[in-house]
Amino acid sequence: MKKPRPIEERLIENSEYVPGTGCLIWKGRVDKNGYPEIKVDGRRVSVRPLAYAVFRGEPLHSDLVSRPQIQMTCGDRCCIHPDHMTVKSDEDRLLTQIKQEVYQWAQIKADANSRFRFMTRPEYIEAEARKQLEVRIAASQPPSPEIQDILDRLRRRSVGLQQGHDGTEPLGDPRPLPR
Ligand SMILES: [Zn+2]
């Protein structure tokens, strides 16, 4: 049986160096969204996380690998040059998502009343999204044990009041606190 060629070789063979931009443009197969894809052991794999790992000698964090969470500084979706890659953190992704939410909400407000048109400006969206990001990050941090104890007692009491007993029975999953 033929020994499979090393991944580095296959990556280099399937791409073309563009001297002007310094990009390494993928010439091999692409997935349905147009992102470079390669078959490894019969499985389709995203090329960029692989190129990142192979050329930099360190893999991406696992929850970043399944989807292309690499942003290309050159903006070319077929470039696989590791120097053109920046890895988007969970926080970056959350910020992007919040910005979309803020924008949609601002659009609705602005459509309803033109006085709110300022809310659709990029500076406003950016500032508002960053504020909300901070709130969400703060909300996702576990509270200190003292605070947790108070919250637990309040929760037990409110459940007890609802059920008409002293609330000493074991509780189900605690409900997330409102944000
Ligand atoms: Zn590039």
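Residue numbers (our numbering): 2 to 180. Backbone N, C-alpha and C fix where the C-beta goes; we use that ideal spot for every residue, glycine too.
Applying the 10 Å Cβ sphere with the 16-neighbour rule, what's the burial state of V136? To locate residue 136, count along the sequence shown from 1; it is residue 135. So V136 counts as exposed.
Quick check: the Cα distance between E17 and I8, rounded to an integer number of angstroms? For the purposes of this step, residue 17 is taken as the residue at position 16 of the sequence shown. For the purposes of this step, residue 8 is taken as the residue at position 7 of the sequence shown. Cα-Cα distance, rounded: 16 Å.
Spatial neighbours of G21 within its chain, please: CB distance less than 6 Å, with the 5 preceding and 5 following residues excluded, ordered by chain position. Here the question's residue 21 lines up with position 20 in the sequence shown. Exclusion of the five residues before and after G21 leaves no residue of its chain whose Cβ lies closer than 6 Å to its Cβ.
Can you name the start and end residues of the alpha helix (DSSP H) that R94 belongs to? On the sequence shown, position 93 is the one that residue 94 refers to. Boundaries of the alpha helix (DSSP H) around R94: D91 to A113.
Listed in chain order, which residues are found with a beta carbon closer than 7 Å to a heavy atom of ligand 1? Close to ligand 1, as judged by a C-beta nearer than 7 Å to any of its heavy atoms, are the residues T22, G23, C24, L25, M73, C75, D77, C80, H82 and H85, in chain order.
Against chain B, with Cβ distances strictly below 8 Å, would E127 count as a contact? Although the question refers to chain B, the structure presented lacks it and comprises just one protein chain.
DSSP state of R44, grouped into three classes? Indexing the sequence shown from 1 puts residue 44 at position 43. Three-state DSSP puts R44 in a strand.
Does the segment 95-107 come within contact of the segment 43-63, defined as at least 3 CB pairs closer than 8 Å? Counting Cβ pairs under 8 Å, fewer than three are found: no touch.
Between the C-alpha atoms of I138 and V41, what's the straight-line distance to the nearest angstrom? For the purposes of this step, residue 138 is identified with residue 137 of the sequence shown, where counting begins at 1. For the purposes of this step, residue 41 is identified with residue 40 of the sequence shown, where counting begins at 1. Counting only the Cα atoms, V41 lies some 37 Å from I138.
E102: beta carbon under 7 Å from a heavy atom of ligand 3? Looking for ligand 3 in the displayed structure turns up nothing; the ligands present are ligand 1.
Check for me: the alpha helix (DSSP H) holding Y125 runs from which residue to which? Along the sequence shown, read from residue 1 onward, the residue named residue 125 stands at position 124. First-last of the alpha helix (DSSP H) with Y125: P123 to S141.
Residues that DSSP places opposite I13 in a beta bridge: Reading the sequence shown from its first residue, position 12 is the one you call residue 13. I13 is not bridged to any residue.
Rounded Cβ spacing between P37 and C79 (contact assumed at less than 8 Å): The residue labelled residue 37 in the question sits at position 36 within the sequence shown. The residue labelled residue 79 in the question sits at position 78 within the sequence shown. Right, their Cβ atoms sit about 6 Å apart.
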